[in-house]
Amino acid sequence: MTASTVMSPLSVALREGTRDEHETAERSGFVEQLLAGRLDRAAYADLAAQQLVVYTALEAAGARLKNDGDLVFAELTRVPAIEQDLGHLYGADWRTQVRVLPATRVYADRLAQTADSLPQYAAHAYTRYLGDLSGGQIIKRMLQRHYGFTSEGIAFYDFPQIHKLKPFKDVFRERLDALPLDDEARAAVVEEARLAFRLNADVFGELGAAHVR
1003 MTASTVMSPL
1013 SVALREGTRD
1023 EHETAERSGF
1033 VEQLLAGRLD
1043 RAAYADLAAQ
1053 QLVVYTALEA
1063 AGARLKNDGD
1073 LVFAELTRVP
1083 AIEQDLGHLY
1093 GADWRTQVRV
1103 LPATRVYADR
1113 LAQTADSLPQ
1123 YAAHAYTRYL
1133 GDLSGGQIIK
1143 RMLQRHYGFT
1153 SEGIAFYDFP
1163 QIHKLKPFKD
1173 VFRERLDALP
1183 LDDEARAAVV
1193 EEARLAFRLN
1203 ADVFGELGAA
1213 HVR
């Protein structure tokens, strides 16, 4: 195999192959307004409620696949942190107050289907966890700046078991790149990641309809 025919690492193919979908999700009215400080804590609380449903499904899929690859990290588990945030945002009875949007249910249903497919799970883990470790840290700072959060209410964005984020992200990418996938399977991973971003954008769209005036 010559140098010109060597395939790019899967992590690179994912970054390049999902660029348009990623930018579309980031440019949603809800995200832009939230990060500009033009919404309120209720809007963020609604987002957190949707995240709980998404990550519950994602981490249930990961639990089923944890012996089928090296992409499931205990350090990345988000559900307990989201539940802690919801308790702060809504109060002790938060489970009776939160709602689940239709787009969130569709997203969670798709995630449930990935529990039998490591490549599909890899696509969703890439879009969620690497996003949390990267752009998510910017979101955290914007929430602190505009809405007065300290640490309570935004524990979702803290990874206390990860001491340095960049080396951890490098390990995640290395394991992603090491997955034994042929060309067809790699293409399927990229396409699933595109879908993940579209599903996320749909959730943002419904949040925007509820909170952006």
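Oh and the sequence shown: position 197 is 1199 in the numbering used here, straight run, nothing missing. Cβ coordinates follow ideal geometry from the N, Cα and C atoms, glycine included. These numbers come from a predicted model, not from an experiment.
(1) Measuring alpha carbon to alpha carbon, tell me which residue in G1138, Q1146, E1061 and L1088 is nearest T1116.
(2) DSSP three-state label for V1186, please.
(3) Would DSSP call P1121 helix, strand or coil?
(4) If I follow the unbroken alpha helix (DSSP H) through F1032, where does it start and stop?
(5) Using alpha carbons as the reference points, say which of L1113, E1077 and V1055 lies closest to R1066.
(6) If you reduce the DSSP assignment to three classes, tell me which class P1169 lands in.
(7) Taking Cβ positions, are S1030 and A1203 nearer each other than 7 Å?
(8) Do V1173 and G1019 have their C-beta atoms closer together than 7 Å?
(9) Would you tell me roughly how many angstroms separate the C-alpha atoms of S1010 and R1175, rounded to the nearest one?
(10) I need the DSSP call for R1147, collapsed to helix, strand or coil.
(11) Check whether the Cβ atoms of A1225 and A1157 lie closer than 7 Å to each other.
Taking the structure as given:
(1) Looking up residue 1116 in the sequence shown gives position 114. Residue E1061 is the option with its Cα nearest to T1116.
(2) Here residue 1186 refers to the residue found at position 184 of the sequence shown. The sequence given here has Glu at residue 1186, not Val. Correct three-state label for E1186: helix.
(3) By 1-based counting over the sequence shown, the position of residue 1121 is 119. Three-state DSSP puts P1121 in a helix.
(4) Residue 1032 sits at position 30 when you count from the first residue of the sequence shown. Here the alpha helix (DSSP H) through F1032 covers G1031 to L1037.
(5) Counting from one through the sequence shown, the residue named residue 1066 turns up at place 64. When each option's Cα is compared against that of R1066, the closest is L1113.
(6) Position 167 of the sequence shown, counted from the first residue, corresponds to residue 1169. Here DSSP, grouped into helix, strand and coil, assigns P1169 to helix.
(7) Locating residue 1030 in the sequence shown gives position 28, where the first residue counts as 1. Locating residue 1203 in the sequence shown gives position 201, where the first residue counts as 1. Between S1030 and A1203, the C-beta spacing is below 7 Å.
(8) Counting from one through the sequence shown, the residue named residue 1173 turns up at place 171. Counting from one through the sequence shown, the residue named residue 1019 turns up at place 17. When the beta-carbon positions are compared, V1173 and G1019 stay at least 7 Å from each other.
(9) Here residue 1010 refers to the residue found at position 8 of the sequence shown. Here residue 1175 refers to the residue found at position 173 of the sequence shown. Whole-angstrom Cα-Cα distance: 12 Å.
(10) As a working note, residue 1147 is residue 145 in the sequence shown. Correct three-state label for R1147: helix.
(11) What the structure shows of the chain is the stretch from 1003 to 1215, and residue 1225 is not part of that stretch, so it cannot be assessed.
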